[in-house]
Amino acid sequence: MKAKKLLWGIVPLAALAPLAAVSCGDKNENNGKNIIFQIAHSKDWPIAGALTPFVDYYNKTFSKDKDFIPVKMSYKEDHNIDSEFGLVKKAKENIESGNLKEVPNIILGSQSGAFLVNQYKRLMDLSDAGVKKEIFNQSIAELHTILSGQTDKSKVYNIPFDNADTDALAFNLDVLNFMLELIQKGKGTIDWNADIPKRAKEAAKSGVGNDLPENSIWKALQLAKDDAFKDFKVDENTFKSMDKIRELAVKFQEGTRLDEGKVNADTITGEVLSIDYHTQSFFKEFKSKIGKDDVIWKLVLTGDPKKPTRVEYNLPNNETYVKHFKDLYETYTKSVKRHEKKVGANNKVFSSIKYVNHSNEWGSWNVREFKSAISILASVGTNQRMISKISKKLFSKTKDGKPIPGFEKNNAKFEDVYLLPQLTLMSEGKDKIFAEGGSSILAVDTSENLDTSNAINKATKKFLAWLYTGKNQYYGHEEENWKTFAKLSGYIIPLSGVINDNNEKQIKDEIEKLLKEVREVEKKTNATEKEKTEAEDKFFILNNLRSALVSLQSILNLEKNKTTVLTKPSVTDNATSQFAGALDSALYLSSAHDGQAIKNVDELLNQFKVYISQEQK
């Protein structure tokens, strides 16, 4: 299942202005006069904020070319579908009913659901336009041949596009340092020479970034007893696996108590660990336990032209899988431990782990607000993980426009936050797992007679060939599209020529260069408004590059460790999608501050069987 993208951001208006020449309209009907590019996100979401200027640039620059047809974006506001699997499902329904005018030419969709469209041979092969398997990173390309329902694995039909870690590892270093010092005070051992503790200590020094706010619930924590952390050690390995981080979260909560006299209506809640896409994290751990060559849900080719594929549900039909699921569900729910005090109508809570609702609560926000010491989150939230032009615009004022007191003091700065690529080790002795975050491009043949050479299909191929392999002058100089896309969005396009050590170094160098330029402006006492605006835009870019960097590093790690890091893609259909949603809700409720509840695991699995029965009718 692909994770829904976050409301991360707003491309700087100064950057958007040069390309805002072509209106994208607000209708979803495919009338053959436009290439309809459908996404499941609002116009102000980051992927839209990056794609829209690319589409506008293409329409303006290539309008005189042979085979050109303008591209028109179709957003959530146009079709009211807010999930990528939902887009694929709707396209399938329209294809089945013969309503091809409602089928978009391009879907930014869930690669795990691509087989639904491909059952009708409607996914186009773009090899003749240069968009072929060989131009992509090999490990990612292999992932995208498995789930399309094709017997021919030499071609890629659900095309990798915007990769980003949706389970990157982030830290609020000041909060982490506070926690480590309390562990040490409780007779625990901290290896301060280890990378993460060392960074935490540096960030907590006076004058570096911002400090943990006085009204944080962290400041109300005390040791449960003088030697609460005796025989407990925090070192580099503590932050290398999901299991070890969870152990740290639980141990810390158990070794502390809440001084309720310090908790009031103004107290900010907190947790050791927050997780954005907890269902994805759950299934990632699940995959590490089931056997190297096993998958949870497998796409099987039937040989029947009327129904060429079916889903094999190892969960819930295999008892071994059921046991692993129940054990892991117990781990996830019982690891949620908390201190709480009722203040008015609400609970003020300190949790070991918080499974966020990824609606009005995100890991990046909790890191910025000094709530989470550690967070497993979507990397693309970098500009909302700290004080920036974006976070100021979104969070520094109330709904009626009044400034929020203390915003500049009570939110994290650049120096307070640290980001690493996704964890692949879930627990010692288990398989390492890579989770691909992001979406696929599905190029859909919308012709009546499956004629991939008709005008609209040829024009679709032309646009996608440019999008993947072309160049632009968005920033006033010629640049490959993948670089501009990374700067605008924080995503990485996983081309074979992109995923390498040289580009990793180039991105690091550019981040360092931009940060130096930003700091130079900040030091100036007489900086002009133009200089300040340019510095803010550079800060936006360097933060997006930080996101793109960790995602590139995750793919590099996969590429360099193919024999030890596994991918295990699982297919998505209606049944598995509904079950994932039910699990997501159950995990969220298990850590909810108000209305906490533990859903019975057998009820969850029985509901899944109902979903499967409905799917197979």
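Throughout the sequence shown, residue numbering follows mature numbering (1 follows the signal peptide of the UniProt record, and there is no 0), covering -20 to -1, 1 to 597 in sequence. C-beta atoms are modelled at their ideal positions from N, C-alpha and C, and glycine is treated no differently. Note that this is a predicted model, so its numbers are computed, not measured.
- Bounds of any alpha helix (DSSP H) do not take in Val51; it lies within the beta strand (DSSP E) bounded by Val51 to Ser54.
- Distance from the CA atom of Val275 to the CA atom of Ser469, rounded to whole angstroms, is 31 Å.
- The three-state reading of DSSP puts Glu73 in helix, counting H, G and I together.
- Cβ contact annotation for Ser359 (same chain, cutoff 7 Å, sequence separation greater than five): Ala144, Asp145, Ala148, Leu399, Gly470, Ser527, Val530 and Ser531, in chain order.
- DSSP, read as helix, strand or coil, puts Leu430 in coil.
- Straight through space, the alpha carbons of Ile473 and Ser407 are spaced by roughly 30 Å.
- In this structure, the alpha-carbon of Ser571 lies about 13 Å from that of Lys328.
- In this structure the stretch 436 to 454 touches the stretch 15 to 32; the number of beta carbon pairs closer than 8 Å is three or more.
- The residues Gly166 and Gly235, in chain order, have a CB closer than 6 Å to that of Ala208 in the same chain once the five nearest residues on each side in sequence are set aside.
- In this structure, Asp256 sits near Leu357, with a CB-CB distance shorter than 8 Å.
- Apart from the 5 residues on each side of it in sequence, Glu484 sits with its Cβ closer than 8 Å to the Cβ of Leu529, Leu532, Gln533 and Leu536 in its chain, given in chain order.
- Fully contained in the stretch 293 to 368 are the following beta strand (DSSP E) runs of length 3 or more, in chain order: 318 to 323, 326 to 335 and 352 to 357.
- The stretch 167 to 180 makes no contact with the stretch 447 to 460; the number of CB pairs closer than 8 Å stays below 3.
- Using a 10 angstroms sphere on the CB of Glu57, the tally of other CB atoms stays under 16, which defines it as exposed.
- Nearest neighbour of Met53 by Cα position, chosen from Lys213, Pro84 and Leu475, turns out to be Pro84.
- DSSP lists Leu405 and Val545 as the beta-bridge partner residues of Lys412.
- Taking the Cβ atoms as the reference, Asn157 lies roughly 4 Å from Ala180, within the contact range of under 8 Å.
- Three or more Cβ pairs closer than 8 Å define a contact, and the stretch 490 to 505 falls short of that threshold against the stretch 59 to 79.
- Relative to the Cα of Asn346, the nearest Cα in the group Leu162, Tyr301 and Ala392 belongs to Ala392.
- Per DSSP, reduced to three states, the secondary structure at Ala148 is strand.
- Phe116 is positioned such that its CB atom lies closer than 8 Å to that of Val136.
- For Gln533, the secondary structure class from DSSP, reduced to helix, strand or coil, is helix.
- A residue is called buried once 16 or more other Cβ atoms fall within 10 Å of its Cβ, and Pro26 is buried on that count.
- For Val581, the enclosing alpha helix (DSSP H) covers residues Val581 to Glu595.
- By the Cβ-count criterion, Asn297 is exposed, with fewer than 16 other Cβ atoms from all chains shown falling within 10 Å of its own Cβ.
- Ala121: member of the alpha helix (DSSP H) spanning Gln118 to Ile126, first to last residue.
- Look at Lys272 here: in three-state DSSP terms it is coil, with no helix or strand label.
- Excluding residues up to 5 positions away in sequence, Lys213 lie with their Cβ nearer than 6 Å to the Cβ of Thr169 in the same chain.
- Leu228 is classed as buried because its beta carbon has at least 16 other beta carbons within 10 Å across all chains shown.
- Going by beta carbons, Phe414 and Leu538 fall inside the 8 Å limit.
- The three-state reading of DSSP puts Trp277 in strand, counting E and B together.
- Relative to Ser433, the option among Thr313, Gly250, Asp47 and Ala30 whose CA is nearest is Asp47.
- DSSP places Ser107 within a helical segment (H, G or I) once states are collapsed to three.
- Ranked by Cα distance from Ile248, the options Ile270, Ala184, Ser331 and Val291 are led by Ser331.
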